[in-house]
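So the structure is just underneath, and the comments pick up after that.
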Amino acid sequence: MSKRGFGLFRTTHLVMMLAAMVAFLAACGNSDGGAKTAGASAAATSGGTAKAQPPAVINYGYIGTNKLNFPGGAEGWGLYKGIIQEELKKYGITEIKPVAFPNGPDQSESLISGRLDFGSLGDTPAMLARSTGAKTRAITQNTTDNIGYLIGKKGGPTTIADLKGKTIAIQKGSFMHRYIAGLVKEQNIPDVKFIHMLRPDGEAALSRGEVDAMTNSAIFALKQIENGFPLIDDATKHPNLIGGSVTVVSEDYLKKFPDFPKVWNAAREKALKDLQSKPDEYYQFLSQLNGFTPELNKKVTPIETIKDVNFKDDGVKLLDGTKKFLVEEKLAEKDFDLNQWLLK
-10 MSKRGFGLFR
0 TTHLVMMLAA
10 MVAFLAACGN
20 SDGGAKTAGA
30 SAAATSGGTA
40 KAQPPAVINY
50 GYIGTNKLNF
60 PGGAEGWGLY
70 KGIIQEELKK
80 YGITEIKPVA
90 FPNGPDQSES
100 LISGRLDFGS
110 LGDTPAMLAR
120 STGAKTRAIT
130 QNTTDNIGYL
140 IGKKGGPTTI
150 ADLKGKTIAI
160 QKGSFMHRYI
170 AGLVKEQNIP
180 DVKFIHMLRP
190 DGEAALSRGE
200 VDAMTNSAIF
210 ALKQIENGFP
220 LIDDATKHPN
230 LIGGSVTVVS
240 EDYLKKFPDF
250 PKVWNAAREK
260 ALKDLQSKPD
270 EYYQFLSQLN
280 GFTPELNKKV
290 TPIETIKDVN
300 FKDDGVKLLD
310 GTKKFLVEEK
320 LAEKDFDLNQ
330 WLLK
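In terms of this note's numbering, the sequence shown opens at residue -10 and continues consecutively.
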């Protein structure tokens, strides 16, 4: 073979080798790409468009403080047992961070500022926040029977009429605020002064006689009564003044995870069914949270009061009545469309 022929052969051979290498690398690339596509298809919609992956960490607010850092109810039980975490992992959420708050208004502020993604709180503070323009949506009505209690100081007022000219410690913006404001209006009691105090401060002030009465809730009120403080009134006598609780999520988070309400409510329902099958264990769990006996917890917060559907007609009616009262009494900054707020 001539030198020219040999050179042509060598050049052709090199070109063929390079082409083979390119084809091999392309095949490898397609193999990797196929694996990625298959993985992405697991999170694809029926129309074939991939869903955005939600953030791996989600921040959840609740009312109350305890060593376990969990709320009560189906939400707390689900977190305590890992039921909710297991369900959320299916959607790429690897951690849920519970954050405790002393009251609803403080929690609402954190939700508005973006420090929280969602949270469970009283219906009154949740709606008051919405009335200020807070971009939230309610996804669950957890309970519809939050009872406000009016406790007097020892040697002080014992009837509603005795409240004339008296000072009452309240948690401003809470469902108990709505209860006492409604009670004073309903009973036409003049010259009542409200002073904002968180529960521990109010209890201490009442013990020292620095306030004439205070609003309190559930188990804490019953403990005061056991200790000799007079029960002046409670919301069971005024069904229109009973409160509830809701879970709300920021609209910003919904943009990241539009299916979150459905996912959360399904996980919550699974947790509720689990606690319903283990009532004794659940009341023991509540006892660890608040330091009171399982028997007292069963009396004050029976499992039967936990809602198994995110919204029912009677619950929505309660929310509507509360909203109207807040607007009429100018406690709410402005009115809003309740149905636009609820994600049913």
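Note that CB positions come from ideal geometry on N, CA and C, so glycine has one too.
Sequence-distant residues of its chain with Cβ nearer than 7 Å to residue i (five each side left out)
i: Phe13; result: Note that Phe13 scores 39 on pLDDT, short of 50, meaning its location in the model is unreliable and no value can be drawn from it.
i: Arg335; result: With the chain running from -10 to 333 in the structure shown, residue 335 is simply not present.
i: Phe246; result: Pro43
i: Asp222; result: Leu139, Ile149 and Leu172
i: Ile101; result: Ala118 and Ala123
i: Ile82; result: Pro43, Ala45 and Ile47
i: Phe164; result: Gly111, Asp112, Thr113, Asn135, Gly137 and Gly232
i: Gly36; result: Residue placement at Gly36 is flagged as unreliable, the pLDDT there being 43, under the threshold of 50; the coordinate-derived value follows with that caveat. Cβ neighbours of Gly36 beyond the five flanking positions: none.
i: Leu327; result: Leu308, Asp309 and Lys312
Contacts around residue i, its chain only, beta-carbon distance under 8 Å, and the 5 residues preceding and following it disregarded
i: Tyr69; result: Leu57, Phe59 and Phe274
i: Ser276; result: Thr282, Pro283 and Asn286
i: Asp201; result: Gly141, Lys142, Gly145, Pro146, Leu152, Lys155, Thr156 and Ile157
i: Lys86; result: Val46, Ile47, Asn48 and Tyr49
i: Ala321; result: Met116, Leu117, Ser120, Lys312 and Leu315
Residue i - partner residues in DSSP beta bridges
i: Ala158; result: Ile184 and Met203
i: Gln130; result: Val235
i: Tyr69; result: DSSP, once it has assigned bridges, lists no residue as partnering Tyr69.
i: Val46; result: Glu84
i: Asp223; result: Tyr138
i: Leu331; result: Ala127
i: Ile149; result: The partner list for Ile149 (beta bridge, DSSP) is empty, contrary to what the question assumes.
i: Ile52; result: Phe90
Nearest-angstrom beta carbon gap, residue j and residue i [assumed within contact, 8 Å]
i: Met116; j: Thr311; result: 7 Å
i: Lys296; j: Thr133; result: 7 Å
i: Asp95; j: Asn48; result: Their Cβ separation, rounded to whole angstroms, is 14 Å, which puts Asp95 and Asn48 out of contact at 8 Å.
i: Asn299; j: Gln130; result: 7 Å
i: Ile136; j: Ser196; result: Contact flag wrong, Cβ pair sits at about 22 Å.
i: Asn55; j: Asn279; result: 7 Å
i: Ala224; j: Gly67; result: Actually they are not in contact, since the Cβ atoms of Ala224 and Gly67 sit about 28 Å apart, beyond 8 Å.
Residues near residue i by beta carbon distance below 6 Å, same chain, minus five either side
i: Val316; result: Asp324
i: Pro336; result: Because the chain spans -10 through 333 in this model, residue 336 falls outside it and cannot be assessed.
i: Leu307; result: Thr133 and Gly233
i: Ala9; result: Residue confidence for Ala9 is low, a pLDDT of 42 falling below 50, so the modelled location carries little weight and cannot support an answer.
i: Lys259; result: Ile72
i: Glu76; result: Ala256
At least 3 beta-carbon pairs within less than 8 Å: the segment 56 to 75 vs the segment 257 to 267:
yes
Can you check the segment 82 to 128 for any alpha helix (DSSP H) of at least 4 residues that lies completely inside it and give the ranges in chain order?
93 to 102 and 112 to 120
Identify every run of the alpha helix (DSSP H) within the segment 228 to 302, keeping only runs that are complete inside it and at least 4 residues long; order them along the chain.
240 to 245, 249 to 265, 268 to 279 and 283 to 289
Mind the definition here: the segment 81 to 94 touches the segment 150 to 158 only if three or more C-beta pairs lie below 8 Å; say whether that holds.
no
Is the segment 288 to 295 touching the segment 202 to 219 in the sense that three or more CB pairs, one from each, lie closer than 8 Å?
yes
Is it a yes or a no for the segment 171 to 191 touching the segment 223 to 236, going by three-plus beta-carbon pairs under 8 Å?
yes
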